[in-house]
Amino acid sequence: MALKANFIMEKHPLNKYVREDVLPHILCPGCGIGTVINAVARALKNLEVPPEDVVVVSGIGCSGRASGYFNTDSVHTTHGRALPLATAIKITKPHMKVIVIAGDGDLFAIGGNHFIHSARRNIDLTVIAVNNFNYGMTGGQLGPTTPSHAVTSTSKQGNFEHPFNLVHLAAAAGAVYVARWTTFHVNLLTKSIEKAISKRGFSFIDVISQCPTYFDRYNRLGDAVSALKLFQKRSVIKNGYDPALAIADPFDKIICGEFVNKERPEYSERLQNIIKERMREVVKNE
Amino acid sequence: MSNHNSMDSKVFFVQGNFAVVEGAIFSGMRFFAGYPITPSSEILERLSYRLPQVGGYFLQMEDEIASIMAAIGASFTGYKSMTATSGPGISLMSESIGYAIMTEAPLVLVHVMRGGPSTGAPTVGSQGDIMQVRWGTHGDHEYIALYPTSVQEMFDLTIEAFNLAEKYRTPVSLVSEELIAHMREKLIIPPRDEIKKRIINRKRPKVPPEEYFMYEVKENEYIPPMAFIGEGYHVHITGLSHDKSGFPTMDPEEYDALVRRLCDKIRRNKKDIVKYTEYFLDDSDIVVVAYGSPFRSSIHAVKDARKEGIKVGLLKLTTIWPFPEEVLRDKLSDKKAIIVPELNYVQLGREIKSAVYPAPTQFFPRPNGALHKPDEILSMIKKVYRNGVES
């Protein structure tokens, strides 16, 4: 794997957080995942978090490869299982910032159970869904966020299923910070990731992303630039809006903004307190 | 018993699942994630109470997949971790077991077998998962599994399972069955210092982060030193084929070296891993090979048969995987007959049959949850003594 990126003449401004030695990346030209990696790295830089205090955990698929580009500890888990593994890291290394980057299929189809339970527990994780409406790595099949009627490899006549509204799901399951942005809103996304990382508890950001190779091609959305222009055109920013009504449909409206920012007791902290209590009891009894 | 805060250097009367809990705590296990399932739930329940007392983390997860993935995550941060379940749970964990093998995460899986297939017979003992233990996950791999036959061994082999997991950087299964798990028996916990001397911990890197490669081994060595998440080594861990740096590679040579090393670290250390016990083997013509509760019936039957003048021996397998075929070949291939009682419809028996060839093997399977009574095994010994092995 030791492909040296000797064509990069200058040091990358984010090289403290991003690995240069694993470039070039495996993502398709125009893929939105690069934007998400960039936004996360910038957020870490802006927050001045030391790289050794960060761990990036990902699942499987295109977004699953995101973790390997971070110059931090990073884990590429099995499909859908980033959250339980990240939960254990947060509990055993409470000082670390644990960031999960995964796709819509990974987090909400195969890993859906872990998502709702992690949000319910309110474990201190920053979860970023790269939501490109399909399974990219396997060839553009429909996923849990594919809009109705959209064409995919497994819905050539149009998707007859209903998609999940991820922000509504996250809010209902108990996430304390819930936002949605698109890969067009790079600065707003970066600021939002900063907030999510700083927030104590389960934070979730739904990042609407282009997939020029499959979803955008099947649905005639044009190249990556056209897709970003479409995101710009379809997006409406409504901070504080009811997440139940905040739809994300590239053919209709993409409601962006911060929908939830609240406080609830956090899981790993409670666990630490329980342990302290029990250990005190043992000392008292002995 | 639930009033005991700790179990230290005393004699107890407890069930097998409790012995596992104490063995794990003595081993230094401080992270457990699990999901309720009969007949392993007592481990989960007892640990929810015991682990916080010793400063350990107990998590009840949403399913078995989450449980093992959490245990793997804790292993990556340096914790000795464990999960416990039964066959249906292992079915769900199978993909993750492969992930632990591929990423070389030390881990102990307590696998309390119940009747199968599917939901099967949850409240009875069975040895129906023996091949699942070995081949549950996909791809080339070797596996370590220990099988206790008593409550005392539940304790001792839990410690041994952690030692092997740490030493070989691999998941290790402590396989038992409903009977051994729920049976109450005498348990002697030796003095703390004595146990401490037995504990093995994983090898750690001696080089600074910039010189460290996650999976680098010296020539003729198999187990790389393990840096933990959160120590500044910037490790990358993946279930993909990877090179010594830990990053993905599709280079056939690198991939080949990885798969061979993962298998060879166990294959080539079989002598260190494999444990068994011989009873009256030297003068015997017939030998019963048993593991788990059939061993308990067999030892009675063998002693009774010897009183009647039948030269019969017994071989107890403690390590069922890696399969000790060399031991069986060397010790048993010149015997007149081998008898294999199993609580299944022949699983390890097939391996035993091929290992002891040309000695003939008499299977004595029982896939219905009912135990072999000593008398029944004695009858089988007599039958084989008189008539030889059924073909």
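Top to bottom, those sequences are chains A and B.
Just so you know, this note's numbering puts the end of the first sequence at 286, numbered straight through with nothing missing.
Just so you know, this note's numbering puts the end of the second sequence at 1391, numbered straight through with nothing missing.
Just so you know, even glycine gets a beta-carbon here, dropped at the ideal spot from N, CA and C.
Only a predicted model underlies this, so the values are computations on that prediction, with no experimental measurement involved.
Asked: Can you pull the chain A residues whose beta carbon is under 9 Å from the beta carbon of His1182 (chain B), in chain order?; Found: Ordered by position in chain A, no residue passes the 9 Å Cβ test against His1182 (chain B), which lies about 26 Å from the chain.
Asked: Note down the Cα distance separating Phe1031 (chain B) from Ala1024 (chain B), rounded to an integer number of angstroms.; Found: 10 Å
Asked: With H, G and I counted as helix, E and B as strand and the rest as coil, what does DSSP make of Gly257 (chain A)?; Found: strand
Asked: Any idea if Ser268 (chain A) is buried or exposed, counting beta-carbon neighbours within 10 angstroms, 16 or more meaning buried?; Found: buried
Asked: So what does Gln1015 (chain B) bridge to, in DSSP terms?; Found: B:Arg1184
Asked: For Met137 (chain A), which residues in chain B fall below 8 Å Cβ to Cβ?; Found: Ordered by position in chain B, no residue passes the 8 Å Cβ test against Met137 (chain A), which lies about 12 Å from the chain.
Asked: Does the contact criterion of 3 or more C-beta pairs under 8 Å hold for the region 1161-1173 of chain B versus the region 1137-1145 of chain B?; Found: yes
Asked: In three-state DSSP terms, what is Glu1216 (chain B)?; Found: coil
Asked: With a threshold of 7 Å between beta carbons, is Pro1052 (chain B) in contact with chain A?; Found: yes
Asked: Identify each residue in the region 91-111 of chain A for which the Cβ-Cβ distance to at least one residue of chain B is less than 7 Å, and report them in chain order.; Found: Ile91, Thr92, Lys93, Met96
Asked: Note down the Cα distance separating Asn165 (chain A) from Gly61 (chain A), rounded to an integer number of angstroms.; Found: 21 Å
Asked: The beta strand (DSSP E) with Asp206 (chain A) in it runs from where to where?; Found: 203-208
Asked: Are the C-beta of Glu52 (chain A) and some C-beta of chain B separated by less than 7 Å?; Found: yes
Asked: In whole angstroms, give me the CA-to-CA distance for Val1384 (chain B) and Asp1375 (chain B).; Found: 14 Å
Asked: Find the residues of chain A that neighbour Gly1230 (chain B), judging by a C-beta separation of less than 9 Å, and give them in chain order.; Found: Glu52, Asp53, Val55, Asp73, Ile89, Thr92, Lys93, His95, Met96
Asked: Given this structure, state the Cα-to-Cα distance separating Leu188 (chain A) from Tyr214 (chain A), to the nearest angstrom.; Found: 26 Å
Asked: Hey, does Gly1073 (chain B) have any beta-carbon neighbour from chain D nearer than 7 Å?; Found: Among the chains of the structure shown, chain D does not appear; the protein chains present are A and B.
Asked: Between the alpha carbons of Ile1273 (chain B) and Pro1106 (chain B), how many angstroms are there, rounded?; Found: 15 Å
Asked: Asp1063 (chain B) versus chain A: which residues are under 7 Å apart at the beta carbon?; Found: Asn113
Asked: At least one CB of chain B closer than 7 Å to the CB of Thr78 (chain A): is that the case?; Found: yes
Asked: Are the CB atoms of Asp1063 (chain B) and Tyr1035 (chain B) within a distance shorter than 7 Å?; Found: yes
Asked: Interface residues of chain B around His312 (chain A) at Cβ under 7 Å?; Found: Outside the displayed span of chain A (1 to 286) sits residue 312 (chain A), for which this structure offers no information.
Asked: Applying a beta-carbon distance threshold of less than 9 Å, which residues of chain B neighbour Ile33 (chain A)?; Found: Going along chain B, no residue has its Cβ under 9 Å from Ile33 (chain A), so there is no contact; the nearest lies around 16 Å.
Asked: Flag this pair as yes or no: are the beta carbons of Leu44 (chain A) and Gly34 (chain A) separated by less than 7 Å?; Found: no
Asked: Of the residues that make up the region 1067-1095 of chain B, which ones have a beta carbon closer than 9 Å to any beta carbon in chain A?; Found: Ser1067, Ile1068, Met1069, Ala1070, Ala1071, Ile1072, Gly1073, Ala1074, Ser1075, Phe1076, Thr1077, Gly1078, Tyr1079, Ser1081, Glu1095
Asked: Looking only at its chain, what residues have a beta carbon closer than 7 Å to the beta carbon of Ile1339 (chain B), apart from the 5 residues adjacent to it on each side?; Found: Ile1286, Val1288, Gln1362, Phe1364, Met1380, Ile1381, Val1384
Asked: Nearest chain B C-beta to Leu85 (chain A) closer than 7 Å, yes or no?; Found: yes
Asked: If you measure from the beta carbon of His25 (chain A) to each beta carbon in chain B, is any gap under 7 Å?; Found: no
Asked: Report the start-end ranges of each alpha helix (DSSP H) in the region 1056-1098 of chain B that is 4 residues or longer and not cut off at the edges.; Found: 1064-1076
Asked: Do you know offhand how far Asn1003 (chain B)'s Cα is from Arg278 (chain A)'s?; Found: A caution first: Asn1003 (chain B) carries a pLDDT of 45, below 50, which makes its placement in the model unreliable, though a value can still be read off. Looking at the two C-alpha atoms, the distance is approximately 14 Å.
Asked: Okay, do the region 66-82 of chain A and the region 1234-1242 of chain B touch, 3+ Cβ pairs below 8 Å being the bar?; Found: yes
Asked: Starting from the beta carbon of Gly1239 (chain B), find every residue of chain A whose beta carbon is closer than 9 Å, and list them in chain order.; Found: Ile60, His76, Thr77, Thr78
Asked: Is it true that the CB of Gly1313 (chain B) sits closer than 7 Å to the CB of Leu1348 (chain B)?; Found: no
Asked: What alpha helix (DSSP H) runs, 4 residues minimum, are completely inside the region 37-114 of chain A?; Found: 82-92
Asked: What did DSSP end up calling Asn219 (chain A) once you bin it into helix, strand or coil?; Found: coil
Asked: Give, in chain order, every unbroken run of the beta strand (DSSP E) that is at least 3 residues long and sits entirely within the region 1260-1344 of chain B.; Found: 1276-1279, 1286-1290, 1312-1317, 1319-1321, 1337-1342
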